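The numbering used here applies: residue 379 is where the sequence shown begins, and numbers increase by one.
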Amino acid sequence: MALITWGAEYSVGISSIDAQHQKLVVLVNDLNDAMAQGKGKDVLEKILAGLVDYTKTHFAHEESLFKTYGYPEATAHKMKHDDLTKKVLQFQQDLNAGKAVMSVQIMSFLKDWLLNHIKGTDMKYSAFLKGKGVN
């Protein structure tokens, strides 16, 4: 069963960003499924690396739009991106070094952060960017 089910309530109304958010949901679900099925450390590390890489790509895309269109809350939004990136990279390093294991708590953190970020922080830029013609 999926950890996260995408719904219309998560749409920011910007097709490129919604597609990226849906991809992030798939990656978090893939990581959760691999953990739940007892997949090996190598599999978990590979999926987590893909999630980290795609998250960086997504954040860069959002931040590029902010810069292009002069989003006034860009700095605060980027700080939230940077905070998550640091946490996930630290977890990735700990997992790779054998200091951490995938757990329900980590998956819950990723799920809550992603959904709360989309429904809260990301929704704030939706009207602004759509008002600039981004769709």
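Beta carbons are placed, not taken as given, at the ideal position from N, Cα and C, and that holds for glycine.
Every value quoted in this text rests on a predicted model; they were computed, and no experiment measured them.
Inter-residue spacing [alpha-carbon to alpha-carbon] between residue i and residue j
i: K417; j: N474; result: 15 Å
i: V430; j: D411; result: 17 Å
i: Q497; j: K477; result: One detail in the question is off: residue 497 reads as Lys in this sequence, not Gln. Taking the straight line joining both Cα atoms gives about 32 Å.
i: S486; j: L422; result: 16 Å
i: L492; j: E451; result: 19 Å
i: D500; j: Y432; result: 17 Å
i: D420; j: G509; result: 45 Å
Residue i - containing alpha helix (DSSP H), residue span
i: T433; result: K419 to Y447
i: H459; result: A452 to N474
i: Q400; result: S393 to A414
Under 8 Å between C-beta atoms of residue i and residue j
i: Q400; j: W384; result: yes
i: L507; j: I392; result: yes
i: Y447; j: V512; result: yes
i: H436; j: F444; result: no
i: Y449; j: Y503; result: yes
i: H495; j: K458; result: yes
i: M480; j: M379; result: no
For the region 406-426 against the region 465-475, do three or more pairs of beta-carbon atoms, one drawn from each stretch, fall closer than 8 Å, so that the two count as touching? yes
Touch check for the region 403-420 and the region 439-456: three-plus C-beta pairs under 8 Å? Proximity of the region 403-420 to the region 439-456 falls short of the contact definition, fewer than three beta-carbon pairs being nearer than 8 Å.
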